[in-house]
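One structure is given below, encoded as structure tokens.
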Amino acid sequence: MDYINYLILIAVVIYGAWYFYTKVLPRMREAKDILSNYRMDKNSTLSEKEQRMLAIGAATCEYLLGFHNTLALGESRRRFVTIYLNQRYNLQNTEEVRREIEFRLSGQFASLIPIIYGAAKLEDGTKRKDFLHDAAGDNKDLYEYLLELTKDLLKQLPELKRLAIQNDEDVLKYGAVGFDAEQAVILARCAFDLGYINEREAWDYIERANAMVSKSSLSSWADFGKSYIIGRSLMWDSLDAQDATVKLLLEQEKSPWMRLAW
Numbered sequence: 028m029d030y031i032n033y034l035i036l037i038a039v040v041i042y043g044a045w046y047f048y049t050k051v052l053p054r055m056r057e058a059k060d061i062l063s064n065y066r067m068d069k070n071s072t073l074s075e076k077e078q079r080m081l082a083i084g085a086a087t088c089e090y091l092l093g094f095h096n097t098l099a100l101g102e103s104r105r106r107f108v109t110i111y112l113n114q115r116y117n118l119q120n121t122e123e124v125r126r127e128i129e130f131r132l133s134g135q136f137a138s139l140i141p142i143i144y145g146a147a148k149l150e151d152g153t154k155r156k157d158f159l160h161d162a163a164g165d166n167k168d169l170y171e172y173l174l175e176l177t178k179d180l181l182k183q184l185p186e187l188k189r190l191a192i193q194n195d196e197d198v199l200k201y202g203a204v205g206f207d208a209e210q211a212v213i214l215a216r217c218a219f220d221l222g223y224i225n226e227r228e229a230w231d232y233i234e235r236a237n238a239m240v241s242k243s244s245l246s247s248w249a250d251f252g253k254s255y256i257i258g259r260s261l262m263w264d265s266l267d268a269q270d271a272t273v274k275l276l277l278e279q280e281k282s283p284w285m286r287l288a289w
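So in the working numbering, the last one in the sequence shown is 289, and the numbering has no gaps at all.
Given below as structure tokens:
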């Protein structure tokens, strides 16, 4: 082998090693993550109480392939976290993130459920619009929003009854507080991962989300799961197979909901 060919061989070996460690290996690890449910960081120092507080956000944590037992979802998940914040909420800075988390913690979205449920039960279109006009007052934007949510509820009810609830009245029974709280927790974790808020701020939001659930009428992880599904279906007019995620969280022994008591 002449000197030039030897140098070429060395270059090929170096490039091959670089490509494997920078391109192939990360993909292999990512594939392993995708095939593994309920990822846990073996170096976690969180107490059972703290892990239970994080479990409120378990459905979206699983969707993002994040760790369930650390505040950080995981360094390898930051790409997913960024996409989630941008595509779901169009959040790109600290102020926007804080505003959305506070909105979730206010329970304003969940508070609209009785209104849109009442409107959905009115079969006469004119009466339905009058009902929503009365609820919205002079706020035209709110009226349009309520009307859209009512349409979404009517559209989603058959699917909700097939996947999560027994009857129409369950929409009122479980509401959407589970969704608001779940999103507050996951948004706080995402914001912490991306450096928008610090650790203490993230835990403060998470504690408030848990307090919100504690004050609600939800009395089990099953109730919470139904509330989450109702809220998600109305907020985004889709479940994105999250009903299956909730079902597994309620059934699989290693899931946070099964490991940690309500």
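Note that the Cβ used here is the ideal one computed from N, Cα and C, for glycine as well.
{"Query": "Length of the line joining the Cα atoms of valine 273 and alanine 146", "Result": "28 angstroms"}
{"Query": "Continuous alpha helix (DSSP H) stretch holding methionine 67: start and end", "Result": "That residue, methionine 67, is in no alpha helix (DSSP H); it is neither H nor E in DSSP."}
{"Query": "Where threonine 121 falls: helix, strand or coil (DSSP)", "Result": "helix"}
{"Query": "For isoleucine 140, three-class secondary structure by DSSP", "Result": "helix"}
{"Query": "Proximity to arginine 155 [Cα-Cα], best of Leu181, Gly134, Gln135", "Result": "Leu181"}
{"Query": "Neighbourhood of arginine 227 by C-beta, 6 angstroms cutoff - its chain only, sequence neighbours within 5 removed", "Result": "none"}
{"Query": "Unbroken alpha helix (DSSP H) run spanning aspartate 165, endpoints", "Result": "It is not in any alpha helix (DSSP H) - aspartate 165 carries neither H nor E in the DSSP assignment."}
{"Query": "Whole-Å CB distance - alanine 229 paired with leucine 98, under 8 angstroms assumed", "Result": "6 angstroms"}
{"Query": "Nearest-angstrom Cβ-Cβ length linking glutamine 269 and tyrosine 90, presumed shorter than 8 angstroms", "Result": "7 angstroms"}
{"Query": "Start-to-end residues for the alpha helix (DSSP H) that takes in arginine 235", "Result": "226-241"}
{"Query": "At least three beta-carbon pairs within less than 8 angstroms, the stretch 119-130 to the stretch 159-173", "Result": "no"}
{"Query": "Stretch pair the stretch 212-226 + the stretch 105-116: three plus CB contacts closer than 8 angstroms", "Result": "yes"}
{"Query": "Helix, strand or coil at glutamate 209 according to DSSP, with G and I counted as helix", "Result": "helix"}
{"Query": "Environment of arginine 106 [buried if 16+ CB atoms lie within 10 Å]", "Result": "exposed"}
{"Query": "Inter-residue spacing [alpha-carbon to alpha-carbon] between arginine 56 and serine 74", "Result": "Because the pLDDT of arginine 56 is 45, which lies under 50, any placement of that residue in the model is unreliable, and the question is left without a value."}
{"Query": "Range of the contiguous alpha helix (DSSP H) that encloses glutamate 77", "Result": "75-82"}
{"Query": "Extent of the continuous alpha helix (DSSP H) to which glutamate 333 belongs", "Result": "Nothing about residue 333 can be read from this structure; the chain reaches only from 28 to 289."}
{"Query": "Proximity of histidine 95 and tyrosine 65 at Cβ, strictly below 7 angstroms", "Result": "yes"}
{"Query": "First through last residue of the alpha helix (DSSP H) which encompasses tyrosine 90", "Result": "85-90"}
{"Query": "Rounded Cβ spacing between glycine 84 and glutamate 196 (contact assumed at less than 8 angstroms)", "Result": "Between glutamate 196 and glycine 84 the Cβ distance is about 27 angstroms, and since that is not below 8 angstroms, they are no contact."}
{"Query": "Collapsed DSSP secondary structure at tyrosine 116 in the structure displayed", "Result": "helix"}
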